[in-house]
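Student:
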Amino acid sequence: LTEATRKLDDSDRRLQELSEVKQAAGREQQQVAVEWQAWLEGRGLDGTLSPETCLEVLSRAEGLREKTKAIDELQGRIEEMTKATEDLTARTNAVRRLVGIDEALADSIPAAVDELAKMANEERSKSEHRDQRKEQVKEDEGKRDSLKERLDSIELEINALLAKGGAKDEDEFRQRAEISDQRETLQAEVSDRRREIERLFGSEQVEEVLAELEEANPEELTAREGALGDRLQELDGDLESASHEIGQIAQQLSQIEGDEKSSELRLQRAVIYEQANSHARRWSVLAIAEALLNETRLKYERERQPAVIQEAQRFFASITDDAYERILSLPGEQAIAVEDGSGNRKDTSQLSRGTAEQLYLSLRFGFIREFAARAMPLPVIMDDILVNFDPERAAAACRALLELSRDQQVLLFTCHPATVEMMRSASSECSVIELPH
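Per my numbering, residue 10 is the first one in the sequence shown, and the count goes up by one each step.
#1: Which two residues bound the contiguous beta strand (DSSP E) that contains S338?
#2: When you compare the CB positions of Q359 and P388, do they come within less than 9 Å of one another, or not?
#3: Let's see if you can read the secondary structure: which residues bound the beta strand (DSSP E) around E443?
#4: Per DSSP, which one or two residues make a beta bridge with R354?
#5: What does a CB cutoff of less than 8 Å around A99 pick up in its chain, not counting 5 residues either side in sequence?
#6: In the DSSP assignment, what residue or residues form a beta bridge with M391?
#7: Does the Cβ of S136 have 16 or more other Cβ atoms within 10 Å, making it buried, or fewer, making it exposed?
#8: When you compare the CB positions of I390 and F422, do they come within less than 9 Å of one another, or not?
#9: How long is the line joining the alpha carbons of L244 and Q184, rounded to whole angstroms?
#10: Need the endpoints of the alpha helix (DSSP H) that A113 sits in, please.
#11: List the endpoints of the continuous alpha helix (DSSP H) containing T57.
#12: For R313, count neighbouring C-beta atoms within 10 Å of its own C-beta (all shown protein chains included) and say buried if the count is 16 or more, exposed if not.
#13: Which ranges would you report for the alpha helix (DSSP H) in the stretch 68-112 if only whole runs of at least 4 residues count?
#14: Helix, strand or coil for A384? Go by DSSP, reduced to three states.
#15: DSSP three-state label for D21, please.
#16: From A300, F398, D392, pick the residue whose C-alpha is nearest to that of I328; which is it?
#17: Could you tell me which whole alpha helix (DSSP H) segments of length 4 or greater appear in the stretch 238-299?
#18: Measuring only the C-alpha atoms, how far is A232 from D239?
#19: Could you say if the stretch 284-301 and the stretch 331-339 meet the contact criterion of at least three C-beta pairs nearer than 8 Å?
#20: Using a Cβ distance threshold of 8 Å, determine whether the stretch 439-446 contacts the stretch 351-358, with at least three qualifying pairs required.
#21: Check each candidate in L24, E37, S59, V43 and name the one with the smallest Cα separation from M385.
#22: Give the DSSP-derived three-state secondary structure of F182 in the structure shown.
#23: Alpha carbon to alpha carbon, how far is G85 from S338? Give it in angstroms, no decimals.
#24: Going by C-alpha distance, which of E412, A300, I297 is nearest F325?
#25: For E366 versus I394, is the C-beta spacing smaller than 9 Å?
#26: Between the alpha carbons of A382 and T62, how many angstroms are there, rounded?
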């Protein structure tokens, strides 16, 4: 009994100490609450705000500050790009003035640059052609000097031949040469005729045939020779005409191959082909990048939605009887979209008034759920939220309200008896309180 009495006295003293600590903590809590209220009033804030709410507001303000910083950076990049565009416009117009063409407007600078590039390529081609011509002139001058030396050598040879032939000048040498040539030609012709006679009549009858030719009438032979000569001249004329036509065709082909305009066109065609190949490769890269970005965006929109959107999505699907399965918060945009079971998307402007209000209600439910998960659940107060809903959607909304009420108290004010009956039909545990008029 003595030991129990001692323990009881110790417990009383411990209890007295804890009571004093509790009172001190209560006074400290009251002092902190007073300081918190003073801090809120000093900054013009609502006195009912809790520290947790202020922390969430600060977190959102920090997010806004980061977005503002990103916007400032993008604005700076835009200004840099604008300055670069203006600099390019000024430089392009300066070049255009130098070459004597009109200045281009800012929106047509790419085309103006392409035009200048085309002119530069043309001038480069002409310069290369001029250089080729100069090289050709140098080569022709070298050939001319070589031919001059060759001519001097030939003149020395001619003088030696004149001396050897016993001629006084070139005309006399040419006459003697012609006589010699004629003699050799006649001798060769006699030999050819003799061989022809031998081929036709045999070697045994050559002398006999020659004797007959000597006895033949010269006029008759002359007439036959004239007729054959006319026919031969006619054939020679045809041959010469054909040769002349062939020469003209060959000359035309040579002119076409050496035509400067044709060379320029071939060069332009090669440049255009290369540009087309470059653009095709760049288009392929951009098309693949666009497809990958779109696929990534779609995957992000489907799998990386915020917790508030995920909570609201379940309520919205339930209220609309799964007509819209998904709510999407589009990345980089201050907009909300919905998606039906077929994957078709609609923004809020494409929804009916009732469906839009159901979407906003679902978003509020999602925010309430997310807030309750991060802080103490608070009562939810609503006033006639079903007035613009059709009966089916209103009944589904009542079921959503009952689901929300499992975690926190829900107070629904209404002046419509149909709403009361709908809530009673949804749950028999729903409490109805009639307020005096």
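Backbone N, C-alpha and C fix where the C-beta goes; we use that ideal spot for every residue, glycine too.
Tutor: In short:
#1: 333-338
#2: no
#3: Counting along the chain, E443 falls outside any beta strand (DSSP E), and DSSP gives it neither H nor E.
#4: E348
#5: none
#6: L421
#7: That one is exposed.
#8: yes
#9: 31 Å
#10: First-last for A113: undefined, no H or E at that position.
#11: Run containing T57: none; DSSP gives neither H nor E here.
#12: For R313, the pLDDT reaches just 45, beneath the cut-off of 50, and the residue's location in the model is therefore unreliable, although a value from the coordinates is still provided. Classification for R313: exposed.
#13: none
#14: coil
#15: helix
#16: Out of A300, F398, D392, F398 has the C-alpha closest to the C-alpha of I328.
#17: none
#18: 11 Å
#19: no
#20: no
#21: S59
#22: helix
#23: 27 Å
#24: The option with the nearest alpha carbon to F325 is E412.
#25: yes
#26: 13 Å
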